[in-house]
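**Student:** Encoded as structure tokens, here's the structure I'll be asking about.
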Amino acid sequence: MHSHNDLPAASVLYFGPYAFHLRQRLILDGDRQLRMGGRALDLLQVLVEHAGRVVRKEQLIAWVWPDSVVEEINLRVHIAALRRALGDGENGQCYIVNVPQCGYSFIAPVHGDSVAQVVFETLQAPQYNLPARLTPVIGRDSLVGSLVRQLPLCRLMTLTGPAGIGKSTVALRVAELLLQHYRDGVWYIDLSIAEDAPSLLDYLLHTLDTSFETLASRHALLVLDNGERRRESCRALVERLLLAAPRLALLVTSREPLQANLETLQPIAPLTFPKASVPTSVDELMGYSAVQLLISRARARQHDFSLREQDLHTVCAICRRLDGLPLAIELAAAQIDALALVGLQAQLDNGLRLLSHGRRTALPRHQSMSAALDWSYQDLRPCERRVLQRLSVFKMAFTEEAALRVIDGVHLQAVIERLAAKSWLTIERGGDSLRYRMLNTLRCYVREQWEISAERVDNLQRRVRYNGRNRSSADGQLAAQRLEQ
4 MHSHNDLPAA
14 SVLYFGPYAF
24 HLRQRLILDG
34 DRQLRMGGRA
44 LDLLQVLVEH
54 AGRVVRKEQL
64 IAWVWPDSVV
74 EEINLRVHIA
84 ALRRALGDGE
94 NGQCYIVNVP
104 QCGYSFIAPV
114 HGDSVAQVVF
124 ETLQAPQYNL
134 PARLTPVIGR
144 DSLVGSLVRQ
154 LPLCRLMTLT
164 GPAGIGKSTV
174 ALRVAELLLQ
184 HYRDGVWYID
194 LSIAEDAPSL
204 LDYLLHTLDT
214 SFETLASRHA
224 LLVLDNGERR
234 RESCRALVER
244 LLLAAPRLAL
254 LVTSREPLQA
264 NLETLQPIAP
274 LTFPKASVPT
284 SVDELMGYSA
294 VQLLISRARA
304 RQHDFSLREQ
314 DLHTVCAICR
324 RLDGLPLAIE
334 LAAAQIDALA
344 LVGLQAQLDN
354 GLRLLSHGRR
364 TALPRHQSMS
374 AALDWSYQDL
384 RPCERRVLQR
394 LSVFKMAFTE
404 EAALRVIDGV
414 HLQAVIERLA
424 AKSWLTIERG
434 GDSLRYRMLN
444 TLRCYVREQW
454 EISAERVDNL
464 QRRVRYNGRN
474 RSSADGQLAA
484 QRLEQ
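Following this line, the structure appears as structure tokens:
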């Protein structure tokens with residue numbers, strides 16, 4: 004097979020512990036030769052010579068099987084064998100990634116021999132740095148399709164919603180599908196790990212290993228994840244980029260709008276689930292995306308898991324209790340093999356403790372629902388926390404008038420509006436009325452925060468002291484003494 008990048012005099016390519024000798028068509032791991040079939044070697048050579056770029060499936064098939072009619076399944080089988088031979092995925096090393104609906108890309112650093120080193124490094128400049136996705140995206144096809152159509156026409160798009168709603172998942176899926184649109188690539192920057200950086204711009208340029216002048220000239224898409232962590236700095240950053248880089252597009256995830264110039268907002272809704280009656284069949288129930296995600300994740304852990312007719316009521320109750328929040332559903336599904344569906348439903352009434360067994364490889368904020376919510380709760384002002392705690396008494400949607408009955412304060416409306424903007428409250432509009440609601444999972448978290456709050460402890464102490472003074476019973480006085488210790 005001939006080189007498709009015309010690398011001059013490149014006879015050996017190095018990656019990881021391997022040396023790929025092109026002329027001899029062999030791969031050495033130190034002194035040991037890897038046993039690999041001819042097709043696998045052909046595939047590897049194409050991918051390595053296009054390192055950092057996406058090679059479409061059709062191109063791979065045409066290059067490796069030029070005189071044959073080959074199905075895509077054959078390509079997948081050979082890619083899987085190639086990964087096994089290289090130990091792809093072992094010890095955290097990753098060589099080949101699948102870019103859904105596009106093709107494959109060799110993402111490990113590659114070095115040529117001394118003659119072709121400079122030329123090769125220029126050719127292999129990567130066109131993206133998107134993290135590999137371990138599971139399929141469920142229930143977001145319509146939204147993702149809409150965003151893919153909108154984003155090339157929009158300079159700044161911000162995806163908003165509460166913790167666990169799937170903002171990052173949607174953003175990364177959109178970015179994957181736009182890889183071919185942006186000539187200079189698609190780049191992901193997690194702002195949650197830039198909290199100590201003195202300048203977000205410097206952090207961005209360091210992450211991308213580029214200069215501001217170079218970035219300003221690029222036709223590229225930047226995905227800025229977790230913009231709410233440093234909202235004011237993020238707003239200043241995107242506005243500067245929009246002014247200086249006319250061909251740059253920005254896709255931001257944030258729990259609240261940045262309120263930047265040219266910003267287009269896209270709220271992310273929960274996955275769908277039956278809100279009233281229970282479907283009468285498994286097929287009907289599987290039409291809801293929250294149920295699809297629950298069953299998919301359950302089968303990933305328990306391969307013989309199946310949804311039965313007698314499970315319909317239980318599954319509906321679980322998805323309603325979790326509000327269709329993808330992160331909450333994934334964390335709950337991890338417990339199905341241990342608790343079964345009925346046990347899972349019962350345990351969900353015990354607070355968020357059950358939703359705390361995420362994948363060990365996941366980011367800390369995705370390993371439990373409480374960790375995901377801690378971020379934005381800690382950022383609330385003390386008055387916002389107090390209002391939120393008192394509003395948690397409402398299990399259903401409530402009006403502002405109803406809120407006034409449980410909260411004192413002349414600025415209540417402004418506080419409620421801020422809580423809605425920060426995705427702690429959802430707004431329900433019906434006719435001329437406006438109602439607010441706290442999702443069950445968020446409400447459970449806020450109740451737990453109220454349980455340990457100084458205000459509740461103080462109120463309990465005052466109440467028990469009062470009871471102790473006005474009741475002669477020994478148990479009232481004993482309770483007061485215990486609380487005062």
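Sequential numbering from 4 applies to the sequence shown in this note's numbering.
We put the beta carbon where it would ideally sit given N, CA and C, even for glycine.
1. Rounded to a whole number of angstroms, what is the C-alpha to C-alpha distance between Leu288 and Leu310?
2. What residue range is occupied by the uninterrupted alpha helix (DSSP H) comprising His491?
3. Taking its Cβ as the centre, do 16 or more other Cβ atoms sit within 10 Å of Ala349, making it buried, or is it exposed?
4. To the nearest angstrom, report how far apart Arg234 and Ser299 are at their CA atoms.
5. Under a Cβ-count criterion, where at least 16 other Cβ atoms within 10 Å of its own Cβ denotes burial, should Lys278 be classed as buried or exposed?
6. Apart from the five residues just before and just after Phe508, which ones in its own chain have a Cβ nearer than 6 Å to its Cβ?
7. Along the chain, which unbroken stretches of the alpha helix (DSSP H) at least 4 residues long are found entirely within the stretch 385-438?
8. So, is Leu16 buried or exposed, given that buried needs 16 or more other C-beta atoms within 10 angstroms?
9. Does the count of Cβ pairs from the stretch 256-276 and the stretch 314-334 closer than 8 Å reach three?
10. Below 8 Å on the Cβ atoms is my guess for Ser108 versus Val151; work out the distance and round it to an integer in Å.
11. Leu391 to Thr444, Cα distance in whole Å?
12. At what residues does the beta strand (DSSP E) containing Ser108 begin and finish?
13. Exposed or buried, what is Met441 when buried is set at 16 or more other beta-carbons lying within 10 Å of its beta-carbon?
14. Among all the DSSP beta bridges, which residues are the ones paired with Leu31?
15. So, using beta-carbon positions, are Cys447 and Leu342 closer together than 8 Å?
16. Confirm, please, whether the CB-CB distance from Leu182 to Ser131 is below 8 Å.
17. Determine whether the beta carbon atoms of Arg450 and Ser395 lie at a separation below 8 Å.
18. What is the C-beta distance between Val510 and Leu133, in whole angstroms, given that I count them as a contact (C-beta under 8 Å)?
19. Check for me: the alpha helix (DSSP H) holding Thr444 runs from which residue to which?
20. So Val318 packs on Leu344, CB below 8 Å; how close in whole Å?
21. Rank Leu422, Gly434, Val113 by C-alpha distance to the C-alpha of Thr165 and give the top, closest one.
22. Within its chain, find whatever has a CB closer than 6 Å to the CB of Ser171; leave out the 5 residues flanking it on each side and keep chain order.
23. Is the beta carbon of Leu162 sitting closer than 8 Å to the one on Val173?
24. Report the three-state DSSP secondary structure of Val73 (helix, strand or coil).
25. Would you kindly work out how many angstroms separate the C-alpha atoms of Glu403 and Asp411, rounded to a whole number?
26. If you reduce the DSSP assignment to three classes, tell me which class Met160 lands in.
27. Assuming Leu29 and Ser14 make a contact with CB atoms under 8 Å, what is their CB distance in whole Å?
28. Would you mind reading off the limits of the alpha helix (DSSP H) that contains Val281?
**Tutor:** The short version:
1. Within the model, the alpha-carbon separation for Leu288 versus Leu310 is close to 10 Å.
2. The chain is shown only over 4 to 488; residue 491 falls outside these bounds and no answer can be derived.
3. Exposed, by the Cβ-count rule.
4. For Arg234 and Ser299, the distance between alpha carbons rounds to 35 Å.
5. Residue environment analysis places Lys278 among the exposed positions, since fewer than 16 neighbouring C-beta atoms fall within 10 angstroms of its C-beta.
6. Outside the displayed span of the chain (4 to 488) sits residue 508, for which this structure offers no information.
7. Entirely contained in the stretch 385-438, the alpha helix (DSSP H) runs reaching 4 residues are, in chain order, 385-394, 403-409, 415-424.
8. Counting every other CB atom within 10 Å of its CB across the protein chains shown gives Leu16 a total of 16 or more, marking it as buried.
9. The stretch 256-276, when compared against the stretch 314-334, does touch it at the 8 Å Cβ threshold.
10. No, Ser108 and Val151 are not in contact; Cβ-Cβ is about 19 Å, not under 8 Å.
11. So the two alpha carbons sit approximately 13 Å from each other.
12. Run containing Ser108: 106-109, per the beta strand (DSSP E) assignment.
13. Buried: at least 16 other Cβ atoms inside 10 Å.
14. Answer by DSSP bridge pairing, in chain order: Ala22, Gln36.
15. Not a contact, by the Cβ cut-off of 8 Å.
16. According to the sequence provided, residue 131 is Tyr. The question's Ser does not apply to it. Judged by beta-carbon spacing, Leu182 lies within the 8 Å limit of Tyr131, meaning their Cβ atoms are closer than that value.
17. The answer is yes: Cβ separation under 8 Å.
18. This structure gives no information on residue 510, because the portion of the chain shown stretches from 4 to 488.
19. Unbroken alpha helix (DSSP H) run through Thr444: 443-454.
20. Between Val318 and Leu344 a beta carbon distance of about 6 Å is seen, short of the 8 Å cut, so the two are scored as contacting.
21. The sequence as given places Pro at residue 165; Thr does not occur at that position. Taking only the C-alpha atoms, the option nearest Pro165 is Leu422.
22. Correct list, in chain order: Asp228, Thr256.
23. Contact flag set, yes.
24. Val73 falls in the coil class under three-state DSSP.
25. As the crow flies, the alpha-carbon of Glu403 is around 12 Å from that of Asp411.
26. Met160 falls in the strand class under three-state DSSP.
27. In fact, because the Cβ distance is near 12 Å, the residues do not count as touching under 8 Å.
28. In this chain, Val281 is not harboured by any alpha helix (DSSP H), its DSSP state being neither H nor E.
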